[in-house]
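S.K.: Start counting the sequence shown at -7; every next residue gets the next number (the working numbering). Ideal Cβ positions, reconstructed from N, Cα and C, are used throughout, including at glycine. The structure's right below; bear with me while I get my questions together.
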Amino acid sequence: MLSSPNIAFIKYWGNRNNELRLPMADSLSMTLDHPNAEITIQEADTLEIHSYTMGKERKIEGEHLERFRTHIELTRRYLAGIGAPKALPSGLHITIASNIPPSIGLASSAAVFSGIAKTIRQMIDKRVELDDAQTSIIARLGSGSAARSVIGGYVALAAGEDNAINASRAWQIAPANHWQLYDIIVVPSQTEKSVGSTEGHALAHTSPHFAARIEAIRTRRQRECVDAILEKDFEKLQRVSEEDALDMHHVMETSNPPLKYLSQETHRIVGEVKALREKEHLPVLFTMDAGPTVHLICTDEAVQEVRSFAKAQKGCTVFEAKVG
Ligand code: DP6
């Protein structure tokens, strides 16, 4: 099955349960039409993973293999809980063929684990039929943001409340054709990030600003973002998503140890985008995940100008996607 990354307007950062990837707060994203990862799964004697990125084989061993092993074990635990303990064969041969360029600031883990969850759904549908929410739970057990990529269009991940394995699940706010938004991705640096998201989530609690962030999402931001999307109110979406992205980076930078994902280049690009949109009254917003890449989200009306702006950034690679 094919699956793509997503870009979040309200960011997922920090868990109440790291093992089950149960988030502290809701998050919200749009799923992208590409690039994608294609997942195939066959019955095997043990767990085997074969991973190809842009056609080149990447060996999955050590902690990477452990992550997949844990994911499959948790998936079995979840399936047992819904009365299907034997739905998955005891061994699996998983092949990942990814077209996602490494280090462009699009989490390939979201595409990979959502793809695995969708493929598992298809594989076991004679034994148990899963709906989208259940499939998102399986994806979440591998990567939190992957829960949102199981579904197309505009998708929220509800944090839920307790520590049950099924407490947090994704749902669709609006389909992709509700609002055509683009993501023009400006990549200032190709270097691998030093601290991955999984380690980063575990540090979120050490920031003195984390509690206020969670409170803001719970009481206001998630709701405002859902409304902005339903109303197709770009200004509202811009205000709330930029506030949330900068707030997440504030939490990251004040964690112990601090996590500094944004570079000087990131700040320069953000400054120039702000100046451009003020001058031209362009519907464009910026957001950054756990890396220096700047995502410029815009409407049809702005896409040509944003594209030219992105291409004029010296030393940057530009990648383009849209909601899908
Ligand atoms: C900054 O889903 O990548 O992109 O569960 O460890 O795989 P894991 O974390 P991940 O975290 C996403 C972090 C983010 C924000 C977001 O996409 O919501």
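Can you confirm whether Ala302, when its beta carbon is compared against all beta carbons of chain C, has any partner nearer than 8 Å?
M.R.: In the structure shown, chain C does not exist; there is a single protein chain.
S.K.: Buried or exposed: Pro250, going by 16 or more other Cβ atoms within 10 Å of its Cβ?
M.R.: exposed
S.K.: Could you tell me which residues DSSP puts in a beta bridge with Ile88?
M.R.: Paired residues: Ile31, Ser43.
S.K.: Near Thr38, what residues of its chain come up, given a Cβ to Cβ distance below 8 Å and the 5 sequence neighbours on each side ignored?
M.R.: Gly83
S.K.: On a Cα-Cα basis, can you pick out the residue from Arg140, Thr279, Tyr146, Ala194 that is closest to Val178?
M.R.: Thr279
S.K.: Kindly list the residues whose CB is nearer than 6 Å to the CB of Thr66, restricted to its own chain and excluding five residues on each side of it in sequence; keep chain order.
M.R.: Rather than Thr, the amino acid found at residue 66 in this sequence is Leu. Leu133.
S.K.: Relative to the C-alpha of Ile176, which candidate in Asp18, Ser21, Thr309, Ala36 has its C-alpha closest?
M.R.: Thr309
S.K.: Thinking C-alpha only, which one of His259, Arg212, Asp281, Val276 is nearest Ile289?
M.R.: Here the closest residue by C-alpha is Val276.
S.K.: Spatial neighbours of Trp171 within its chain, please: CB distance less than 6 Å, with the 5 preceding and 5 following residues excluded, ordered by chain position.
M.R.: Lys224
S.K.: Verify whether the separation of the beta carbon atoms of Ala208 and Val243 is less than 8 Å.
M.R.: It is not a contact, given that the beta carbons lie outside the stated cut-off.
S.K.: Can you tell me whether Glu191 is buried or exposed, with buried defined as 16 or more other CB within 10 angstroms of its CB?
M.R.: exposed
S.K.: Check whether the Cβ atoms of Gly144 and Ala109 lie closer than 8 Å to each other.
M.R.: For Gly144 and Ala109, no; Cβs fall outside 8 Å.
S.K.: Using a threshold of 8 Å, state whether the C-beta atoms of Ile88 and Ala36 are closer than that.
M.R.: no
S.K.: Give a yes or no on contact between the stretch 205 to 220 and the stretch 5 to 18, applying the rule of three or more CB pairs nearer than 8 Å.
M.R.: yes
S.K.: Cβ of Pro284 within 8 Å of Cβ of Thr258?
M.R.: yes
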